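Going letter by letter, the sequence shown gives residues 107 to 495 in this note's numbering. We put the CB at the ideal spot given by N, CA and C, even for glycine. Since this is a predicted model, take the numbers as computed values, not measurements. The block underneath contains the structure these notes are about, expressed in structure tokens.
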Amino acid sequence: MGTQENEQTAVTGRRMLLGAAVLGAGGAVLGLSGTAKAAEARHGGGGGGVKSLPKPTIIGHRGASGYRPEHTLGSYQLALDMGADIVEAGDLVSTRDGHLVCRHEPEIGGTTDVADHPEFADRRKTKSLDGVATTGWFTEDFTLAELKTLRATERIPANRPHNTLYNGRWEIPTFEEVLRWQDEQTRKRGKQVWIYPELKHPTYFRKQGLALEERVAKVLRKYGRDRRNSPVILQSFEPTSIQRLNKLVDNPLVVLLSGAASRPWDFVETGDPRTVADLVKPAGLREIASYAQGIGPTLDLVIPKDAAGNLTTPTTLVADAHKVGLILHPYTMRNENPFLPANFRKGTDADAYGDVFGAYRTYFATGIDGVFTDNPDTGLLAREDLVNG
Numbered sequence: 107m108g109t110q111e112n113e114q115t116a117v118t119g120r121r122m123l124l125g126a127a128v129l130g131a132g133g134a135v136l137g138l139s140g141t142a143k144a145a146e147a148r149h150g151g152g153g154g155g156v157k158s159l160p161k162p163t164i165i166g167h168r169g170a171s172g173y174r175p176e177h178t179l180g181s182y183q184l185a186l187d188m189g190a191d192i193v194e195a196g197d198l199v200s201t202r203d204g205h206l207v208c209r210h211e212p213e214i215g216g217t218t219d220v221a222d223h224p225e226f227a228d229r230r231k232t233k234s235l236d237g238v239a240t241t242g243w244f245t246e247d248f249t250l251a252e253l254k255t256l257r258a259t260e261r262i263p264a265n266r267p268h269n270t271l272y273n274g275r276w277e278i279p280t281f282e283e284v285l286r287w288q289d290e291q292t293r294k295r296g297k298q299v300w301i302y303p304e305l306k307h308p309t310y311f312r313k314q315g316l317a318l319e320e321r322v323a324k325v326l327r328k329y330g331r332d333r334r335n336s337p338v339i340l341q342s343f344e345p346t347s348i349q350r351l352n353k354l355v356d357n358p359l360v361v362l363l364s365g366a367a368s369r370p371w372d373f374v375e376t377g378d379p380r381t382v383a384d385l386v387k388p389a390g391l392r393e394i395a396s397y398a399q400g401i402g403p404t405l406d407l408v409i410p411k412d413a414a415g416n417l418t419t420p421t422t423l424v425a426d427a428h429k430v431g432l433i434l435h436p437y438t439m440r441n442e443n444p445f446l447p448a449n450f451r452k453g454t455d456a457d458a459y460g461d462v463f464g465a466y467r468t469y470f471a472t473g474i475d476g477v478f479t480d481n482p483d484t485g486l487l488a489r490e491d492l493v494n495g
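Below, the structure written as structure tokens:
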């Protein structure tokens with residue numbers, strides 16, 4: 107469980123870790139370039155496409171959201187500066203006028219300053235979002251021009267009070283702005299930048315006449331990034347959305363998987379009785395492999411927890427997925443205690459860091475191909491430990 111640490115120790119440790127990452131932004135101080143080369147050599151990288159990425163691949167979850175408000179160009183930029191292999195640049199939702207923007211959810215009350223805009227007070231509504239009554243402000247009730255008057259804020263200030271320093275600094279980016287940013291950063295760095303956008307609630311948006319798949323495909327075609335080796339991996343929690351994308355673009359595709367007892371919302375809508383537990387069985391994985399290249403399971407599907415929150419014995423998911431040719435990019439590693447398995451927590455403060463390196467070692471030992479993390483610098487150091495034995 108770890109020993110009790112006072113708040114100052116936790117804060118000092120976090121500053122030291124972040125400082126090391128910023129000093130080593132290009133990878134030199136942390137030795138990340140050597141790590142990447144070693145990882146590629148071990149795993150046969152360099153062949154183009156997703157196979158060219160180091161393994162385990164470190165994916166900046168909504169950017170470097172452990173240090174900046176998520177889904178902002180500031181968060182994406184920091185993830186790159188820290189050395190992330192891929193940036194999850196874009197949980198894609200639609201505006202009223204059909205533009206794709208990057209927000210964690212269509213409801214933006216918790217991630218923007220919209221509540222401080224009296225001109226939008228009458229836009230506050232209660233809607234059913236995948237069967238859950240949700241109250242707030244929704245992107246589909248705003249034009250892009252209106253959304254651009256808002257600014258991003260920290261989503262979980264109780265865990266990340268330091269991130270609130272940046273509230274109001276960045277606007278909501280569009281998907282096209284992200285693709286242009288990707289081009290710019292690729293040119294500046296002399297190395298291909300990868301992104302990993304997710305289509306959020308595609309059934310919800312399709313029922314409103316704002317289908318995401320066709321819009322995503324159109325934008326990718328416009329920028330010449332709809333091909334098999336394009337540096338854009340597309341993901342969704344709805345298998346039928348990925349099947350739809352499979353007919354529209356040639357990009358690498360990933361099916362996201364939530365808790366074992368849950369059902370994808372498109373399954374609920376169409377009456378498909380299967381749960382995620384069915385999808386992670388060999389037959390379910392074979393079906394996914396017929397239209398996708400990977401899965402993004404919750405970490406609990408890789409190693410379940412007991413009633414106390416401690417890790418137990420790994421499942422056979424990694425081996426079963428690899429057997430049918432699927433890569434695995436589970437989610438999400440975070441440094442703070444509340445997000446770690448109980449046996450890797452230190453102290454009780456919600457803002458304190460636990461033994462995240464111990465957790466990484468345990469998950470990496472299962473053979474996963476990569477991981478989403480809010481703290482890319484920590485993930486890269488953990489990978490360095492793995493590569494260097």
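{"Check": "Asp-222, buried or exposed, once every other Cβ within 10 Å from all chains shown has been counted against 16", "Outcome": "exposed"}
{"Check": "Contact set for Arg-334: own chain, Cβ-Cβ below 7 Å, skip 5 residues either direction", "Outcome": "Gly-155 and Asp-356"}
{"Check": "Nearest-angstrom Cβ-Cβ length linking Met-188 and Pro-482, presumed shorter than 8 Å", "Outcome": "4 Å"}
{"Check": "Reference Phe-450, options Leu-423, Gly-166 and Lys-411, closest by Cα", "Outcome": "Lys-411"}
{"Check": "Asp-289 versus Gly-400: straight-line alpha-carbon distance, rounded", "Outcome": "25 Å"}
{"Check": "Thr-438 Cβ short of 6 Å to the ligand NAD heavy atom set", "Outcome": "By its list of ligands, the structure shown contains no ligand whatsoever, and the ligand NAD lies outside what it can speak to."}
{"Check": "Buried or exposed (CB count within 10 angstroms, at least 16 for buried), Asn-269", "Outcome": "buried"}
{"Check": "Ala-427 classed as buried or exposed, judged by whether at least 16 other C-beta atoms fall within 10 angstroms", "Outcome": "buried"}
{"Check": "Segment limits, alpha helix (DSSP H) that includes Ala-427", "Outcome": "423-429"}
{"Check": "Buried or exposed by the 16-neighbour rule on C-beta atoms within 10 Å, applied to Val-199", "Outcome": "buried"}
{"Check": "Closest Cα partner of Glu-304 within the set Arg-257, Ala-195 and Asn-494", "Outcome": "Ala-195"}
{"Check": "Where Arg-295 falls, given that 16 or more other Cβ within 10 Å makes a residue buried", "Outcome": "exposed"}
{"Check": "Inter-stretch contact (C-beta, 8 Å, three-pair minimum) for the stretch 243-252 and the stretch 176-191", "Outcome": "no"}
{"Check": "Cβ-based neighbour list, Pro-444, same chain, cut-off 6 Å, excluding 5 preceding and 5 following", "Outcome": "Ala-456"}
{"Check": "Cut-off 7 Å between Cβ atoms - residues of its own chain near Tyr-329, not counting five sequence neighbours on either side", "Outcome": "Leu-285"}
{"Check": "Secondary structure, beta strand (DSSP E): runs of 3+ residues fully inside the stretch 342-415", "Outcome": "359-363 and 400-403"}
{"Check": "Counted within 10 angstroms of its Cβ, other Cβ atoms place Lys-452 as buried (16 or more) or exposed", "Outcome": "buried"}
{"Check": "Contact between the stretch 385-403 and the stretch 360-375 (3+ Cβ pairs under 8 Å)", "Outcome": "yes"}
{"Check": "Minimum C-alpha distance to Gly-431 - residue among Ala-398, Ala-413 and Gln-298", "Outcome": "Ala-398"}
{"Check": "Strand pairing of Met-188, partner residues [DSSP]", "Outcome": "The partner list for Met-188 (beta bridge, DSSP) is empty, contrary to what the question assumes."}
{"Check": "Rounded C-alpha distance that separates Arg-380 from Thr-255", "Outcome": "42 Å"}
{"Check": "Cβ-Cβ separation, Lys-306 to Asp-480 (assumed contact under 8 Å), whole Å", "Outcome": "With a Cβ gap of about 18 Å, Asp-480 and Lys-306 do not count as contacting."}
{"Check": "Beta-carbon spacing of Trp-371, Asp-236 below 7 Å", "Outcome": "yes"}
{"Check": "Inter-residue Cα distance where the pair is Pro-160 and Trp-300", "Outcome": "12 Å"}
{"Check": "Opposing strand residues paired with Leu-340 [DSSP bridges]", "Outcome": "Leu-359"}
{"Check": "C-alpha gap between Arg-257 and Thr-404, whole angstroms", "Outcome": "30 Å"}
{"Check": "Gly-460 - DSSP class collapsed to helix/strand/coil", "Outcome": "coil"}
{"Check": "Enclosing alpha helix (DSSP H) for Lys-496 [first to last residue]", "Outcome": "Absent from the model: residue 496. The displayed extent of the chain is 107 to 495, so no value can be given."}
{"Check": "Three-state secondary structure assigned by DSSP to Ser-171", "Outcome": "coil"}
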